[in-house]
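K.L.:
Numbering (the working numbering), first residue to last: 6 to 308. All residues carry an ideal CB built from backbone N, CA and C; glycine is no exception. The structure's right below; bear with me while I get my questions together.
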Amino acid sequence: MSEVLLDGEAVAKKIKEGLKKEIEGFKTNGKELKLIAVQVGENAASRVYVNQQKKACEEMGLKYELKELPSVTTEKELLEFIENLNNDNSVTGIILQMPLPKEINPKNIQVKISPKKDVEGLNPYNMGLLVYGKQVVAPCTAMGAVELLKSSGVELKGKEVVIIGHSEIVGKPILLLMLQSLTESPTPTVCHIATKDTPSHTKKADIVFVAVGKPGLVKAEMLKTGAIVIDIGINRVPLLDAAGIQVIDEKSGRPKMKTVGDVDFEKAKEVCSMISPVPGGVGPLTVTMLIKNTVECAKWQGN
Ligand code: NAD
Numbered sequence: 006m007s008e009v010l011l012d013g014e015a016v017a018k019k020i021k022e023g024l025k026k027e028i029e030g031f032k033t034n035g036k037e038l039k040l041i042a043v044q045v046g047e048n049a050a051s052r053v054y055v056n057q058q059k060k061a062c063e064e065m066g067l068k069y070e071l072k073e074l075p076s077v078t079t080e081k082e083l084l085e086f087i088e089n090l091n092n093d094n095s096v097t098g099i100i101l102q103m104p105l106p107k108e109i110n111p112k113n114i115q116v117k118i119s120p121k122k123d124v125e126g127l128n129p130y131n132m133g134l135l136v137y138g139k140q141v142v143a144p145c146t147a148m149g150a151v152e153l154l155k156s157s158g159v160e161l162k163g164k165e166v167v168i169i170g171h172s173e174i175v176g177k178p179i180l181l182l183m184l185q186s187l188t189e190s191p192t193p194t195v196c197h198i199a200t201k202d203t204p205s206h207t208k209k210a211d212i213v214f215v216a217v218g219k220p221g222l223v224k225a226e227m228l229k230t231g232a233i234v235i236d237i238g239i240n241r242v243p244l245l246d247a248a249g250i251q252v253i254d255e256k257s258g259r260p261k262m263k264t265v266g267d268v269d270f271e272k273a274k275e276v277c278s279m280i281s282p283v284p285g286g287v288g289p290l291t292v293t294m295l296i297k298n299t300v301e302c303a304k305w306q307g308n
């Protein structure tokens, strides 16, 4: 089967064009949108993410500021910091960078971020609105994965959807997003670590979302011919040459690495009608959805 790649960069570009106009509209009316990212302590992975967010926001005309708090910050101090941001009218949205020091429970902080400034869509109030199908914002990666699916033009009504992975930031919100319409929804099934026979579900699925973090988890033989596959996983694996031997970086003497998803992409693409690559699939949409949530929060605050 000749597969069609679901190009996340192209879909993100189109959505960003619309968002940019909305952001300019706010500016024309004297309101500059501003995101504050809060990071407690130092973390290399989080820094990469912060830099990506900053670049994407600034390209879109959004202000982005990183507030770095020392690693000794207590939960009480962080809550006070968040409260000040909630009360600051110049702040449109708040991002809580992970990981937090182990003494701080992220859920205790997320619940205190004003729902109207919750650009990551993780506050329980916003999760509740998602259950009602009345959400203003939703978790960015879940939204991004669903946007990518929708870009395929597939009609969802009546389709069998399998979601592999049931985390709060990806799998569960995708499930809820799949159930938004009372009459036009597909039929979603969620598989997870305790599912006895995931292939028995995926083999019947018209659409498969996978968000687990295990390279090669979804194999071609687990998929129905013509299925649409949205791969959300991000994994770093050693790069192999044509003979299957690890490629060694001459400078460092260490194995070269590459990024892959959870799907055995090369074989799966022979079976699928559409498949999202990693990188270049859901990734570009995650940060785009952060910007979309910011615009939605700004509108909400205006009301
Ligand atoms: P998580 O660790 O919170 O959840 C993993 C899920 O996988 C759990 O629900 C677990 O039950 C399930 N699982 C584990 N082993 C399984 C198995 N053998 N069969 C079926 N289900 C299994 O992970 P997460 O935060 O949801 O992230 C999942 C993946 O998505 C990771 O690779 C992560 O890097 C990636 N991710 C990508 C983006 C993006 O922007 N593209 C954003 C967030 C997460």
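Within the present structure, is the beta-carbon of A303 separated from the nearest heavy atom of ligand 1 by less than 8 Å?
P.N.:
Along the sequence shown, read from residue 1 onward, the residue named residue 303 stands at position 298. Incorrect: A303 has no Cβ contact closer than 8 Å to ligand 1.
K.L.:
Which residue spans inside the segment 93–168 form an unbroken alpha helix (DSSP H) run of at least 4?
P.N.:
Along the segment 93–168, the alpha helix (DSSP H) occurs as fully enclosed runs of 4 or more residues at 111–115, 129–137 and 145–156, listed in sequence order.
K.L.:
Start and end of the beta strand (DSSP E) containing M262?
P.N.:
One-based indexing of the sequence shown puts residue 262 at position 257. Segment M262 to V265, the beta strand (DSSP E) holding M262.
K.L.:
May I ask you to report which of helix, strand or coil DSSP gives K72?
P.N.:
Within the sequence shown, numbered from 1, the residue matching residue 72 stands at position 67. Note: K72 maps to strand in three-state DSSP.
K.L.:
Secondary structure at V223, three-state DSSP: helix, strand or coil?
P.N.:
Translated into positions along the sequence shown, residue 223 becomes position 218. Reduced to three states, the DSSP call for V223 is strand.
K.L.:
Helix, strand or coil: which one does DSSP assign to A232?
P.N.:
Start at 1 with the first residue of the sequence shown, and residue 232 comes out as number 227. If DSSP states are grouped into helix, strand and coil, A232 belongs with coil.
K.L.:
Taking 8 Å as the limit between beta carbons, can you name the residues of its chain near Y54, skipping five residues before and five after?
P.N.:
Taking the first residue of the sequence shown as position 1, residue 54 is located at position 49. Cβ neighbours of Y54 beyond the five flanking positions: Q102.
K.L.:
When burial is assigned at 16 or more other CB atoms within 10 Å of the CB, is L105 buried or exposed?
P.N.:
For the purposes of this step, residue 105 is taken as residue 100 along the sequence shown, with counting starting at 1. With a 10 Å radius around the Cβ and a threshold of 16 neighbouring Cβ atoms, L105 comes out buried.
K.L.:
For V217, tell me which candidate among A143, G176 and P191 has the shortest Cα-Cα distance.
P.N.:
Working through the sequence shown from its first residue, we reach residue 217 at position 212. Checking every option, the nearest Cα to that of V217 belongs to G176.
K.L.:
Residue range of the beta strand (DSSP E) that C196 falls in?
P.N.:
Along the sequence shown, read from residue 1 onward, the residue named residue 196 stands at position 191. Per DSSP, C196 belongs to the beta strand (DSSP E) from T192 to C196.
K.L.:
Under the criterion of a Cβ to heavy atom distance below 8 Å, does L222 qualify as lining ligand 1?
P.N.:
As a working mapping, residue 222 is identified with position 217 in the sequence shown. Yes, since a heavy atom of ligand 1 falls inside the 8 Å radius drawn around the Cβ of L222.
K.L.:
Quick check on this structure: which residue in K297, P120, V265 and G307 has the alpha carbon closest to the alpha carbon of K26?
P.N.:
For the purposes of this step, residue 26 is taken as the residue at position 21 of the sequence shown. Comparing Cα positions, the closest option is K297.
K.L.:
State yes or no: is the C-beta of D267 within less than 9 Å of the C-beta of V223?
P.N.:
Residue 267 sits at position 262 when you count from the first residue of the sequence shown. Residue 223 sits at position 218 when you count from the first residue of the sequence shown. For D267 and V223, yes; Cβs fall inside 9 Å.
K.L.:
What residues are listed by DSSP as bridge partners for F214?
P.N.:
Looking up residue 214 in the sequence shown gives position 209. BP columns for F214 point to I168 and I235.
K.L.:
Using the Cα positions of Q185 and G138, report the straight-line distance between them to the nearest angstrom.
P.N.:
On the sequence shown, residue 185 is found 180 positions in, with the first residue counted as 1. On the sequence shown, residue 138 is found 133 positions in, with the first residue counted as 1. Cα-Cα distance, rounded: 5 Å.
K.L.:
For G126, which option in K304, G307 and M294 has the closest C-alpha, if you only look at C-alpha atoms?
P.N.:
Along the sequence shown, read from residue 1 onward, the residue named residue 126 stands at position 121. Closest in C-alpha terms to G126, from the list K304, G307 and M294, comes M294.
K.L.:
Might you give, ordered along the chain, the residues of its own chain that have their beta carbon closer than 7 Å to the beta carbon of K121, omitting 5 neighbours on each side?
P.N.:
Working through the sequence shown from its first residue, we reach residue 121 at position 116. Only C302, W305 and Q306 meet the Cβ criterion.
K.L.:
Buried or exposed, going by whether 16 or more other CB atoms sit within 10 Å of the CB of Y130?
P.N.:
To locate residue 130, count along the sequence shown from 1; it is residue 125. Counting Cβ neighbours within 10 Å, Y130 comes out exposed, since fewer than 16 surround it.
K.L.:
Out of T79, Y69, K81 and C277, state which residue places its alpha-carbon closest to the alpha-carbon of V96.
P.N.:
As a first step, residue 96 is located in the sequence shown; it is residue number 91 there, counting from the start. Out of T79, Y69, K81 and C277, Y69 has the C-alpha closest to the C-alpha of V96.
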